[in-house]
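Under this note's numbering, think of the first position of the sequence shown as 2, with each following residue one higher.
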Amino acid sequence: MALQITLNGETRRLEAAQNVRGLLESLGLDPAKIAVERNLEIVPRSAYGQVALADGDRLEIVHFIGGGNAPVEVPRADKPFVLAGKTYKSRLIIGTGKYKTYADNAAALEASGAEIVTVAVRRVNLTDPSQPKLVDFIDPKKVTYLPNTAGCFTGEDAVRTLRLAREAGGWSLVKLEVLGEKKLLYPDMIETLRACEMLTKDSFEVMVYCSDDPLMAKRLEDVGAVAIMPLASPIGSGMGIQSTVNIRMIIEDSKVPVIVDAGIGTASDAAVAMELGCDAVISNTGIAHAKDPVKMAAAMKLAVEAGRLAWLAGRMPKKAYADPSSPLAGLI
């Protein structure tokens, strides 16, 4: 005798009487991996062969599933961090200014795992040449020195400074920054672009501190910059990234490494930069002016690594409203 039942909310016709076990077998279901409810009462697994189905029965068959379906995404490639042809394991660059002592700087460097340090070029103290020197604490043979043009306000001053740096240590990989004025320490992009052109023609490999203007960043790349270094916020402010939109656009349009420079105040700032897809982060004041520079250096190291891993994983999209973790389809 034919039966009509409701199975998981849908009407189904059975051509012959059968028990619960027979129904499960006809559906190709493993009794060990499901649970059955008949007319709002649980059917014990041991009774599947004895419980006969009747016309009008309402059955629910359920099993365990994960929380929803993940969208199909193309995995991001974990490309190595390469600057001017050299590969670096660490994506954190630290500075050498504002520390109480060179020894503190060296300890922070060790904790950070950084392989590159920015260094300023200044006059030798002729009155006391016995004063401690950075090279006595941080060996340029073990760590890449990155001479910068901090304090330069014209393209000519920047070029002159880096030529002296190359003469002193043989470095061609340099960090260019040309500032507009002393209060904001904001980059003068016209002078910066001009200086970048002069330096690349003079066989320098130029990493450029710049504004977060995507168009200007592209121009710097076009004249030969080997890395673009947009500011997160004003130098030494510790305010973190103020325009994630601009930084993201620079990253998307750049064919050279993008390194967030200036304004990184704590580990979470570094993580945000890396989660945007930056290739690396520079932190000087954020480490040097922390209450414990060594611990902050270690925190920055972990934040950069975590941020990079999060970017590779691909974060979930932000939504305006709640979205249940478990799907509503199949709800009893």
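Where is the CB? At the ideal position from N, CA and C, for every residue including glycine. Computed from a predicted structure; not experimentally measured.
For residue i, count neighbouring C-beta atoms within 10 Å of its own C-beta (all shown protein chains included) and say buried if the count is 16 or more, exposed if not.
| i | result |
| --- | --- |
| E222 | buried |
| T12 | exposed |
| V246 | exposed |
| T102 | exposed |
| R124 | With a pLDDT of 49 at R124, under the threshold of 50, the modelled position of this residue cannot be trusted; read the value that follows with caution. R124 should be labelled exposed. |
| L322 | Note on residue identity: the sequence assigns Tyr, not Leu, to residue 322. When all chains shown are included, Y322 counts as exposed. |
| P188 | buried |
| I333 | exposed |
| S27 | exposed |
| P258 | buried |
| D213 | buried |
| L310 | exposed |
Apart from the five residues just before and just after residue i, which ones in its own chain have a Cβ nearer than 8 Å to its Cβ?
| i | result |
| --- | --- |
| P32 | R22, L25, R46, Y49 |
| V160 | A196, M199, L200, D203 |
| A268 | M297, A300, M301, L303, A304 |
| W312 | R77, M275, E276, L277, G278 |
| V44 | V21, V37, E38, V52 |
| S113 | S91, L93, I95, I288, A298, A299, M301, K302 |
| C211 | P188, M190, T193, M217, A218, L221, I229, M230, P231, L232 |
What is the DSSP secondary structure of residue i, counted as helix, strand or coil?
| i | result |
| --- | --- |
| K319 | coil |
| L313 | helix |
| I43 | strand |
| R124 | Only weak support exists for where R124 lies, its pLDDT of 49 falling under 50; the value from the coordinates is given anyway. Here R124 sits in coil by DSSP. |
| L60 | strand |
| V282 | strand |
| V226 | In the sequence on display, residue 226 carries Ala and not Val. A226: coil per DSSP, three-state reduction. |
| V21 | helix |
| M301 | helix |
| N149 | strand |
| Y187 | coil |
| I265 | coil |
Can you tell which of the options has its C-alpha closest to the C-alpha of residue i?
| i | options | result |
| --- | --- | --- |
| D254 | V282, A272, G239, K219 | K219 |
| D79 | K256, I139, D280, A233 | D280 |
| L41 | V261, G10, A311 | G10 |
| D56 | E16, A36, I94, G86 | E16 |
| A263 | A311, L60, K319, I94 | I94 |
| L216 | P235, I248, L147, M208 | I248 |
| T286 | G239, D214, A104 | G239 |
| I242 | V282, A226, F205, V209 | V282 |
| Q5 | L28, A272, R59, I43 | R59 |
| A36 | P81, L30, L28, H64 | H64 |
| P328 | T7, Q51, V44, I66 | I66 |
| T7 | I62, D213, G170 | I62 |
| V224 | E206, S212, D213 | E206 |
| F82 | A3, A115, A233 | A115 |
| D158 | K143, R14, L177 | L177 |
Assuming residue i and residue j make a contact with CB atoms under 8 Å, what is their CB distance in whole Å?
| i | j | result |
| --- | --- | --- |
| V179 | A166 | Actually they do not touch by this definition, with Cβ atoms about 15 Å apart. |
| T145 | I117 | 4 Å |
| V120 | T97 | 5 Å |
| N106 | F154 | Contact doesn't hold; Cβ gap of about 26 Å is too wide. |
| W172 | P133 | In fact, because the Cβ distance is near 21 Å, the residues do not count as touching under 8 Å. |
| A226 | M208 | 7 Å |
| M230 | I260 | 5 Å |
CB-CB under 7 Å to residue i, same chain, minus the five flanking residues each way: which ones, in chain order?
| i | result |
| --- | --- |
| A53 | A18, N20 |
| K99 | N285, T286, A289, H290 |
| A271 | I265, V282, S284, M301, A304, V305, G308 |
| T162 | V122, T150, C153 |
| G156 | V179, E192, R195, A196, M199 |
| L1 | Residue numbering for the chain in the displayed model covers 2 to 333; residue 1 lies beyond these limits and cannot be assessed. |
| K256 | E222 |
| V136 | none |
Can you name, in chain order, every residue of its own chain whose Cβ lies under 6 Å from the Cβ of residue i, other than the five neighbours on each side?
| i | result |
| --- | --- |
| M297 | I288, A291 |
| A109 | I288, P294, V295, A298 |
| R334 | No answer is possible for residue 334: the residues shown for the chain start at 2 and end at 333. |
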